[in-house]
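Student:
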Ligand SMILES: Cc1ncc(COP(=O)(O)O)c(C=O)c1O
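In full-length UniProt numbering, the protein residues as written are 1 to 392.
1. Is any non-hydrogen atom of ligand 1 found closer than 7 Å to the C-beta of residue 256, if you look at the structure I gave you?
2. When you measure from the CB of residue 259 to every non-hydrogen atom of ligand 1, does any distance come out below 7 Å?
3. Going by DSSP, which residues form a beta bridge with residue 276?
4. Where does the unbroken alpha helix (DSSP H) through residue 187 begin, and where does it stop?
5. Please classify residue 4 as buried or exposed, where buried requires at least 16 neighbouring CB atoms within 10 angstroms.
6. If you run the structure through DSSP and keep just helix, strand and coil, what is residue 208?
7. Within 10 Å of its beta-carbon, does residue 384 have 16 or more other beta-carbons around it, so buried, or fewer, so exposed?
8. What is the DSSP secondary structure of residue 130, counted as helix, strand or coil?
9. Please identify the residue among 381, 376, 17 whose C-alpha is closest to the C-alpha of residue 64.
10. Taking the C-alpha atoms as reference points, what is the distance between residue 113 and residue 121?
11. Can you give me the start and stop residues for the beta strand (DSSP E) that residue 379 sits inside?
12. DSSP state of residue 115, grouped into three classes?
13. Taking only the alpha-carbon atoms, compute the straight-line gap between residue 272 and residue 317 and give it to the nearest angstrom.
14. What does DSSP give as the partner residues of residue 314 in its beta bridges?
15. In the DSSP assignment, what residue or residues form a beta bridge with residue 298?
16. Assuming residue 196 contacts residue 229 under a Cβ cut-off of 8 Å, what Cβ separation, rounded to an integer in Å, is found between them?
17. Nearest-angstrom Cα distance between residue 291 and residue 59?
18. Rounded to the nearest angstrom, what separates residue 52 and residue 61 at their Cα positions?
19. Between the beta-carbon of residue 33 and the beta-carbon of residue 368, is there less than 8 Å?
20. For chain D, find out if any of its Cβ atoms is closer than 8 Å to the Cβ of residue 105; answer yes or no.
21. Which residue wins for smallest C-alpha separation from residue 137, given the options 143, 311, 129?
22. What does the Cβ neighbour count give for residue 135, buried or exposed, with the cut at 16 atoms within 10 Å?
23. With a threshold of 7 Å (Cβ to nearest heavy atom), would residue 77 be considered close to ligand 1?
24. May I ask you to report which of helix, strand or coil DSSP gives residue 253?
25. What would DSSP say about residue 24, mapped onto helix, strand or coil?
26. Measuring alpha carbon to alpha carbon, tell me which residue in 41, 259, 325 is nearest residue 288.
27. Using the rule of at least 16 other Cβ atoms within 10 Å of the residue's Cβ for burial, across every protein chain shown, is residue 223 buried or exposed?
28. Under a three-way DSSP split, which group does residue 151 fall into?
29. Could you tell me whether the stretch 325 to 341 touches the stretch 247 to 263, using the rule of 3 or more Cβ pairs below 8 Å?
30. Tell me which same chain residues have a C-beta within less than 8 Å of the C-beta of residue 11, skipping the five on either side of it?
31. Should the stretch 93 to 108 be regarded as contacting the stretch 256 to 272, the criterion being three or more beta carbon pairs within less than 8 Å?
32. Using 10 angstroms around the beta-carbon of residue 215, count the other beta-carbons present and answer buried if the total reaches 16, otherwise exposed.
33. Of the residues 382, 309, 108, which one's Cα is nearest the Cα of residue 361?
34. Helix, strand or coil for residue 4? Go by DSSP, reduced to three states.
35. Secondary structure at residue 228, three-state DSSP: helix, strand or coil?
36. Does the separation of the CB atoms of residue 77 and residue 98 fall below 8 Å?
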């Protein structure tokens with residue numbers, strides 16, 4: 001059984017959004033604290049014995065990370081900047097796992113100064129460099145399970161042709177190099193891809209890991225990654241994931257991002273006009289610089305009008321950027337708006353703000369958290385001074 005993709009917001013949050021859309025300048029991101037907490041508790045209940053490393057790339061706002069720390073999560077980072085951010089939020093180095101396919105000497109040297117997290121190693125080159133610069137580090141080796149993962153090409157990290165991980169047949173050599181290089185290998189890691197909706201993909205991945213633990217174990221840790229799509233119920237995977245870790249007496253680690261934060265966040269944008277060419281466009285103030293996913297992956301986000309109107313038509317949402325691909329949603333049935341009416345783009349809590357950019361010198365938008373009683377500002381709208389500060 002899969003859980004239905006939920007397009008509905010909590011009524012209290014939706015009412016607060018209506019208010020906020022009148023009060024705050026758009027576009028802005030808004031998150032619902034209670035939805036975040038519900039998601040995290042649901043996952044913790046499904047995997048009571050697992051350590052959860054939240055993939056902070058999904059949404060790295062400090063105000064959220066500090067809460068996740070209180071709620072018992074660890075962090076999965078993929079860049080030096082994310083490690084700095086994790087420490088700034090209060091996480092200890094033993095609570096942070098740094099993955100990613102390239103770790104430069106400069107990155108490793110800086111880690112030696114700020115605190116070396118657990119390192120996820122992705123290739124022989126990565127293993128050799130870490131052994132040379134940070135001997136004694138605690139590491140996981142990432143496996144490329146070489147499976148036909150079913151998701152968007154950009155999101156399928158577990159296919160044999162992807163750039164990630166070490167192929168099963170090369171793992172023996174990788175483990176030798178790591179151990180001879182004085183690295184403490186805690187275990188193996190697999191992350192099959194993102195926005196996955198088929199449990200079969202996970203079961204195939206778990207089987208690869210079972211074989212590898214039989215062949216190369218024992219290990220202290222089994223990291224089964226993240227990737228849970230919004231139409232997948234991770235509780236369905238819990239029995240097999242938990243049993244696999246137990247069979248090898250390993251601690252189970254998971255790295256979900258999207259599943260924890262996507263549905264708790266929305267992007268609010270206003271409509272500043274309509275236009276009819278061969279299609280009907282609503283001209284909105286958010287665009288690919290605010291939310292890249294529709295353009296990058298063809299992602300489809302449900303749209304909730306925060307206004308009413310009598311006639312319903314089919315619309316595309318066109319952003320302000322001079323790129324014909326700057327379309328946030330296509331062929332959505334919506335009431336005809338008036339200028340200044342607002343829309344909420346749903347399921348925007350993951351990979352929304354974190355992928356936003358300053359393209360065309362658009363400042364990064366305001367980000368707000370509804371804590372049940374009031375709006376907290378997680379990040380102010382970027383100032384012009386901060387936009388230009390680093391240029392000489
Ligand atoms: C290594 C790794 N772990 C975890 C994640 C989180 O994926 P998701 O947000 O789909 O759960 C990613 C996403 O890119 C990743 O690369």
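Just so you know, even glycine gets a beta-carbon here, dropped at the ideal spot from N, CA and C.
Tutor: A quick look at the data gives this:
1. Walking along the chain shown from the start, residue 256 turns up at place 256. Under cutoff, so the answer is yes.
2. As a working note, residue 259 is residue 259 in the chain shown. Correct: residue 259 has its Cβ closer than 7 Å to ligand 1.
3. For this step, residue 276 is matched to residue 276 along the chain shown. Residue 276 is bridged to 280.
4. Looking up residue 187 in the chain shown gives position 187. It is not in any alpha helix (DSSP H) - residue 187 instead sits in the beta strand (DSSP E) that spans 184 to 189.
5. Counted from its first residue, the chain shown places residue 4 at position 4. Since pLDDT at residue 4 reaches only 35, below the 50 mark, its modelled position is unreliable, and no value is offered.
6. Within the chain shown, numbered from 1, the residue matching residue 208 stands at position 208. It is helical.
7. Taking the first residue of the chain shown as position 1, residue 384 is located at position 384. Looking at its Cβ environment, which holds fewer than 16 other Cβ atoms inside 10 Å, residue 384 is exposed.
8. Your numbering for residue 130 matches position 130 in the chain shown. Residue 130: helix per DSSP, three-state reduction.
9. For the purposes of this step, residue 64 is taken as residue 64 along the chain shown, with counting starting at 1. Ranking 381, 376, 17 by Cα distance to residue 64 puts 376 first.
10. Position 113 of the chain shown, counting from 1, holds the residue named residue 113. Position 121 of the chain shown, counting from 1, holds the residue named residue 121. Rounded to the nearest angstrom, the two C-alpha atoms are 20 Å apart.
11. The residue you call residue 379 lines up with position 379 of the chain shown. Per DSSP, residue 379 belongs to the beta strand (DSSP E) from 375 to 379.
12. Within the chain shown, numbered from 1, the residue matching residue 115 stands at position 115. In the structure shown, residue 115 sits in coil (DSSP, three-state: anything other than H, G, I, E or B).
13. Against the chain shown, residue 272 aligns to sequence position 272. Against the chain shown, residue 317 aligns to sequence position 317. Roughly 11 Å between the two C-alpha positions.
14. Along the chain shown, read from residue 1 onward, the residue named residue 314 stands at position 314. Bridge partners of residue 314: 333.
15. Here residue 298 is taken as the residue at index 298 of the chain shown, counted from 1. Paired residues: none, contrary to the question.
16. Taking the chain shown and counting its residues from 1, the one referred to as residue 196 is at position 196. Taking the chain shown and counting its residues from 1, the one referred to as residue 229 is at position 229. The Cβ separation is near 5 Å, so the contact holds.
17. Your numbering for residue 291 matches position 291 in the chain shown. Your numbering for residue 59 matches position 59 in the chain shown. Between residue 291 and residue 59, the C-alpha separation is close to 13 Å.
18. Taking the chain shown and counting its residues from 1, the one referred to as residue 52 is at position 52. Taking the chain shown and counting its residues from 1, the one referred to as residue 61 is at position 61. Rounded to whole angstroms, residue 52 to residue 61 spans 18 Å at the Cα level.
19. Along the chain shown, one-based indexing puts residue 33 at 33. Along the chain shown, one-based indexing puts residue 368 at 368. Taking 8 Å as the Cβ cut-off, residue 33 and residue 368 do not qualify as a contacting pair.
20. Reference to chain D is not applicable here, since this structure consists of a single protein chain.
21. Position 137 of the chain shown, counted from the start, is the residue given in the question as residue 137. Here the closest residue by C-alpha is 129.
22. Indexing the chain shown from 1 puts residue 135 at position 135. Under this definition residue 135 is an exposed residue.
23. Here residue 77 refers to the residue found at position 77 of the chain shown. Incorrect: residue 77 has no Cβ contact closer than 7 Å to ligand 1.
24. Taking the chain shown and counting its residues from 1, the one referred to as residue 253 is at position 253. It is a strand residue.
25. By 1-based counting over the chain shown, the position of residue 24 is 24. In the structure shown, residue 24 sits in coil (DSSP, three-state: anything other than H, G, I, E or B).
26. Sequence index remark: in the chain shown, residue 288 carries index 288 (1-based). Considering only alpha carbons, the answer is 325.
27. Working through the chain shown from its first residue, we reach residue 223 at position 223. With 16 or more other Cβ atoms within 10 Å, it is buried.
28. In the chain shown, counting from the first residue as 1, residue 151 sits at position 151. Three-state DSSP puts residue 151 in coil, outside helix and strand.
29. no
30. Numbered from its first residue, the chain shown carries residue 11 at position 11. Cβ within range, chain order: n/a, list empty.
31. no
32. If you number the chain shown from 1, residue 215 lands on position 215. Classification for residue 215: exposed.
33. Numbered from 1 along the chain shown, position 361 holds the residue referred to as residue 361. Per the Cα distances, 382.
34. As a first step, residue 4 is located in the chain shown; it is residue number 4 there, counting from the start. Residue placement at residue 4 cannot be trusted, given a pLDDT of 35 that sits under 50; what the coordinates show is reported in the next sentence. Of the three classes helix, strand and coil, the one that applies to residue 4 here is coil, per DSSP.
35. The residue labelled residue 228 in the question sits at position 228 within the chain shown. Note: residue 228 maps to strand in three-state DSSP.
36. For this step, residue 77 is matched to residue 77 along the chain shown. For this step, residue 98 is matched to residue 98 along the chain shown. Going by C-beta atoms, residue 77 is nearer than 8 Å to residue 98.
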